[in-house]
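Mind the numbering: the sequence shown is residues 1 to 683 in UniProt numbering, read in order. For reference, the structure is listed below as structure tokens.
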Amino acid sequence: MAELMDLPKKVEDWTKDHVKLWAAQSLNIDLNDVEILFKQNVTGEVLQILSKKDLTDMGITHGTALLITHKIKKLITPSQNEKKSINLGSTNKREIAKTKQKIPSKEDVKAKSNDGENESKEPGNLAIKPSKVTCTPYPFDRFNESKCYTQFHFLPPESGTTNYIDPIHEYKEFTNTLNATEEDRKMKFCNEVFRFAAACMNVRTNGTIHFGVRDKPHGQIIGIKIDNTETFVKYIDQMISKYFEIKQVGLAKECIRSPRFVNILSEQNTHSNLVVIEVDVVPKHAYCKDEIFFTYQQNFNETWKMCKNKSCFKRDGESSKDILANVQNNDADYKEFLSCMKARDDARKMAEETHSRSHIKSQDDGLKLKKLITGNRGTLDNSYYKWYILVANKSHPSQTEHLDFMHEIKWFAVLDFDSESLTNGLCKFYRDKRIANLHFPSHYQNNGNEGPESLKLFQQTSWIFCNGRSDLDTKEYEPLNYRSWQKEKAAEVRKLISFLSQKNILERGKFLVVFLLLSAVDDCADPINETFSTFYQELGGIDDILCICENEHTYQKWKDLQVKLDIEDMEDRCIFNLDIKKVNGTILKLKSMIKSSHLFLPSQGSSTIILQEKDKEVMSCLDILCANECEETDWRKMKRNLKNSRQHKRNTFTKEEKLPGGISISQVNPSQGHLSRETFTMH
1 MAELMDLPKK VEDWTKDHVK LWAAQSLNID LNDVEILFKQ NVTGEVLQIL
51 SKKDLTDMGI THGTALLITH KIKKLITPSQ NEKKSINLGS TNKREIAKTK
101 QKIPSKEDVK AKSNDGENES KEPGNLAIKP SKVTCTPYPF DRFNESKCYT
151 QFHFLPPESG TTNYIDPIHE YKEFTNTLNA TEEDRKMKFC NEVFRFAAAC
201 MNVRTNGTIH FGVRDKPHGQ IIGIKIDNTE TFVKYIDQMI SKYFEIKQVG
251 LAKECIRSPR FVNILSEQNT HSNLVVIEVD VVPKHAYCKD EIFFTYQQNF
301 NETWKMCKNK SCFKRDGESS KDILANVQNN DADYKEFLSC MKARDDARKM
351 AEETHSRSHI KSQDDGLKLK KLITGNRGTL DNSYYKWYIL VANKSHPSQT
401 EHLDFMHEIK WFAVLDFDSE SLTNGLCKFY RDKRIANLHF PSHYQNNGNE
451 GPESLKLFQQ TSWIFCNGRS DLDTKEYEPL NYRSWQKEKA AEVRKLISFL
501 SQKNILERGK FLVVFLLLSA VDDCADPINE TFSTFYQELG GIDDILCICE
551 NEHTYQKWKD LQVKLDIEDM EDRCIFNLDI KKVNGTILKL KSMIKSSHLF
601 LPSQGSSTII LQEKDKEVMS CLDILCANEC EETDWRKMKR NLKNSRQHKR
651 NTFTKEEKLP GGISISQVNP SQGHLSRETF TMH
């Protein structure tokens with residue numbers, strides 16, 4: 001059997017996730033059979049007692065059932081367990097050549113620290129068969145984004161130094177730590193982080209090291225299970241002073257960020273208990289100028305000890321190379337590297353300045369959002385659109401606190417592609433304050449003329465789950481992966497969109513379809529991408545579609561998928577320079593009836609954010625005047641209103657009035673802030 005990462009040695013200790021990993025990658029069986037095992041909650045303990053008949057009764061094919069029973073018998077035979085380890089750990093190259101594989105020993109741990117990578121040795125047997133889907137990395141040097149990864153998707157290939165600002169990437173599996181001691185895990189993690197960080201700092205390039213991502217297949221996201229994220233944060237804090245020279249510890253702390261933990265979704269877009277650990281390195285010119293960073297790695301020899309010889313790492317293509325490792329040439333190599341230091345410093349400084357200037361340009365997406373969502377009417381109360389249709393994908397818990405605008409828009413229907421939405425997503429948030437009828441696309445089939453009445457379409461918002469509901473224990477409504485959805489559910493959703501687009505349902509041109517992309521869309525087979533294409537075809541273009549992307553990274557990926565659309569047309573109908581907090585405040589301010597219950601502050605790009613009461617209380621020493629605490633503070637609106645009423649006011653103020661001091665007013669121009677010489681006479 002091919003070795004597998006992250007599997008306990010004893011089969012009875014396997015969870016259903018372990019069984020899924022073993023079945024998919026070691027047995028290489030059909031993914032439908034893998035999913036049956038997973039959905040039937042087959043753990044290692046259950047697996048050991050299943051017969052061939054039990055497996056076929058579940059729906060697994062006869063041949064696959066035979067294979068599973070045969071393989072599991074071999075795994076639980078004591079003599080076999082003595083010869084083979086089902087826990088995949090790093091083994092040195094000499095052990096690979098042997099036919100007999102042993103359980104990793106402490107000597108193996110030592111080999112790990114020197115090899116610098118714990119990669120799979122039989123990649124051909126571990127590859128996942130579905131087509132490769134590449135996703136974008138988590139935004140660099142950010143921590144509070146809503147980004148998640150999907151298991152078995154791929155990050156871009158590891159890269160060498162490019163322009164100093166775009167981060168390079170290095171991937172580590174780090175999945176052989178399940179049975180490792182706390183000390184082994186800490187040292188392995190720190191060795192990798194500080195080797196990579198020193199290499200980036202020495203060549204002055206931004207970089208990210210990822211743990212829980214395979215090298216073979218290259219860049220494949222598998223994730224790791226951790227019990228306490230704070231443990232890894234403490235590793236960095238505790239060990240950094242033992243790796244860097246005392247005079248450079250402070251500089252290293254400025255450049256090496258705390259670990260970030262990116263959640264992983266299953267292929268069905270549901271939450272898992274896995275994460276990818278990432279550490280960003282930002283070697284700013286201010287901290288790294290004129291510096292060469294040496295480190296002292298930790299080696300294992302019965303116990304972990306600091307290496308007596310220091311290392312000087314630099315990036316060499318896709319890996320980190322120790323300049324001092326080659327005893328014969330290390331002096332010459334170091335002198336050559338040192339001679340280029342000023343050139344690297346100057347290049348880094350120039351790259352930082354260029355990058356800074358490119359971000360100064362102000363984006364007026366706040367005003368753009370106001371125009372697009374109201375049909376250029378200025379307020380939601382007076383919107384050009386009578387109804388709105390929302391299409392949304394999976395939300396992140398950090399986003400829902402900034403989605404109050406959901407309660408203030410007249411949603412005709414919501415097409416929700418998050419199967420967990422009712423329990424911990426957008427639907428749950430919406431129903432806390434508003435009523436929504438829960439539907440599935442199949443409810444809109446063959447309804448004829450009675451459809452609107454039977455579904456109460458015009459009385460309450462229709463919340464339509466387009467990829468099942470995880471809270472329902474029924475096969476009919478279980479969430480599907482993208483490929484399965486295309487085969488089994490896509491036709492239903494296309495018919496649903498055709499139904500909603502009928503002229504006898506909604507007046508064409510008087511409803512707006514809002515795509516709220518709360519998470520990135522990386523795969524052209526993603527159901528929300530298919531939905532966009534269908535709406536585009538049904539509506540005859542993009543004029544009645546608005547796309548709100550959580551950030552520019554999401555927009556770029558979304559734009560790249562829309563190959564049939566003109567880029568300028570796409571950009572005109574997309575909001576991507578406002579985070580969800582600014583989107584929320586900007587839309588709420590368009591609803592005049594709720595101005596009294598929120599305090600608004602102007603933000604960049606003509607957007608608005610909400611001033612929370614707790615934030616106002618923290619700034620008690622300031623007197624804060626919010627945008628909606630004075631009447632008519634929107635100058636564009638005031639100017640337009642004054643222009644419209646000018647003639648009315650001229651007609652009104654024709655009667656001569658007396659002011660104190662004997663001034664007689666015969667005319668007041670309301671568009672001016674003063675009295676002209678012609679408007680009064682002295683008596």
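Positions of the beta carbon are idealized from the N, C-alpha and C atoms, including for glycine.
DSSP, reduced to helix, strand and coil, places Cys288 within a helical segment of the structure shown. The alpha carbon of Cys200 has as its nearest neighbour, out of Gly540, Lys305, Glu291, Arg469, the alpha carbon of Glu291. In the pairwise beta carbon analysis, the segment 414-430 is classified as touching the segment 468-488: at least three pairs are separated by under 8 angstroms.
By a beta-carbon distance limit of 8 angstroms, Glu488 contacts Leu480. Their separation comes to about 6 angstroms. Counting other Cβ atoms within 10 Å of its Cβ, Lys74 stays below 16 and is therefore classed as exposed.
Secondary structure of Gly425 (DSSP, three-state): coil. Out of Asp579, Lys557, Cys574, the CA that lies nearest to the CA of Cys135 is found in Lys557. Sorting Glu35, Ile528, Asp57, Lys9 by C-alpha distance to the C-alpha of Asn176 places Lys9 at the top. A Cβ-Cβ separation of about 15 angstroms leaves Leu367 out of contact with Arg573 under the 8 angstroms criterion. When Glu530, Val514, Asp566, Cys524 are compared, the shortest CA-CA separation from Cys547 is found for Val514. Within its own chain, the residues whose Cβ lies closer than 7 angstroms to the Cβ of Trp304, once the five positions on either side in sequence are excluded, are Glu183, Met187, Gln298, listed in chain order. Within the same chain, no Cβ atom closer than 8 angstroms to the Cβ of Gln502 is found once the five residues on either side in sequence are excluded.
Classified as buried, Glu173 has 16 or more neighbouring CB atoms from the shown chains inside 10 Å of its CB. Following the DSSP letters along the chain, one finds Thr208 inside the beta strand (DSSP E) bounded by residues 207-211. Contact between the segment 374-381 and the segment 220-233 is absent: fewer than three C-beta pairs spanning the two stretches fall below 8 angstroms.
Leaving aside the five residues that flank Val133 on each side, the residues in its chain whose CB is nearer than 7 angstroms to its CB run, in chain order, His153, Phe154, Asp522, Asp523. Bridge partners of Leu518 according to DSSP: none are assigned. Here Gln298 is bridged, per DSSP, to Met306. Apart from the 5 residues on each side of it in sequence, Glu254 sits with its Cβ closer than 6 angstroms to the Cβ of Tyr287 in its chain, given in chain order.
The C-beta separation of Tyr164 from Arg204 comes to about 6 angstroms, placing the pair in contact by the 8 angstroms criterion. Counting only unbroken stretches of 4 or more residues, the alpha helix (DSSP H) elements lying wholly within the segment 473-524 are 482-488, 490-500, in sequence order. DSSP places Ala197 within a helical segment (H, G or I) once states are collapsed to three. Sequence-distant Cβ neighbours of Ser266 in its own chain, meaning closer than 7 angstroms and more than five residues away, are Gln151, Ser272. In the structure shown, Val262 falls within a strand segment according to DSSP collapsed to helix, strand and coil. Gln25 counts as buried, since at least 16 other C-beta atoms from the protein chains shown sit within 10 angstroms of its C-beta. Approximately 4 angstroms separates the beta-carbon atoms of Asp365 and Asn577; this is inside 8 angstroms, confirming the contact. Taking the Cα positions, Arg260 is about 6 angstroms away from Val279.
Taking the Cβ atoms as the reference, Phe294 lies roughly 4 angstroms from Lys310, within the contact range of under 8 angstroms. About 14 angstroms separates the beta carbons of Ile528 and Leu496, which is beyond the 8 angstroms limit, so they are not a contact pair.
Closest in C-alpha terms to Leu588, from the list Lys284, Ser462, Glu571, Ile409, comes Ile409. CA-to-CA, the gap between Phe458 and Leu37 works out to about 43 angstroms. In this structure Lys394 is buried. Its beta-carbon is surrounded by 16 or more other beta-carbon atoms within 10 angstroms. Counted as a single uninterrupted DSSP element, the beta strand (DSSP E) harbouring Phe313 occupies residues 313-316. Between Cys427 and Val262, the beta carbon gap of about 24 angstroms keeps them out of contact (Cβ cut-off 8 angstroms). Partner residues in the beta bridge of Ser462, as assigned by DSSP, are Ala413, Asn437. Taking the CA atoms as reference points, Arg508 sits about 20 angstroms from Gln460.
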